[in-house]
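First comes the structure, then the notes that go with it.
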Amino acid sequence: TQDLATAVRRSLPAITVDADTARALGHGQRVMASGLAGVYGVFDPTGAAVALVEDLDGQARPVVGFT
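Just so you know, we're using the numbering used here here: the sequence shown kicks off at 107 and counts up by one.
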C-alpha cells in the first residue's frame, strides 16, 4: 500500500506551500490561485498532503481537505 502523500503526488500535479497557507487550506479557506489547471495536490513544508485544490476566479479553493 502507499501513503496518501505518495498517492496524491503520483496522481495529480502538486505544489508545496508555506505553513500559513497549508493551515488555511486545511481549514477550508480560499487562498491565492496557483495558476495550475484542474485539481492539484497541496503539500505543507514537511511534505504532508493538505488538500486537493482547484483554482476558481483567481482563488484556490479546497475540494477535499486532509487535515
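By construction, the Cβ of each residue, glycine as well, lies at the ideal position given by its N, Cα and C atoms.
Checklist entry - From arginine 115 to glycine 134, what distance separates their C-alpha atoms? => result 21 Å
Item to check | Through-space distance from threonine 107 to isoleucine 121, alpha-carbon basis | outcome: Those two C-alpha atoms are separated by around 23 Å.
Checklist entry - Mapping DSSP to helix, strand and coil, what is leucine 118? => result coil
Checklist entry - DSSP puts aspartate 150 in a beta bridge; with which residues? => result BP columns for aspartate 150 are empty, so no partner.
Checklist entry - Roughly how many angstroms separate the alpha carbons of proline 168 and alanine 111, rounded to a whole number? => result 16 Å
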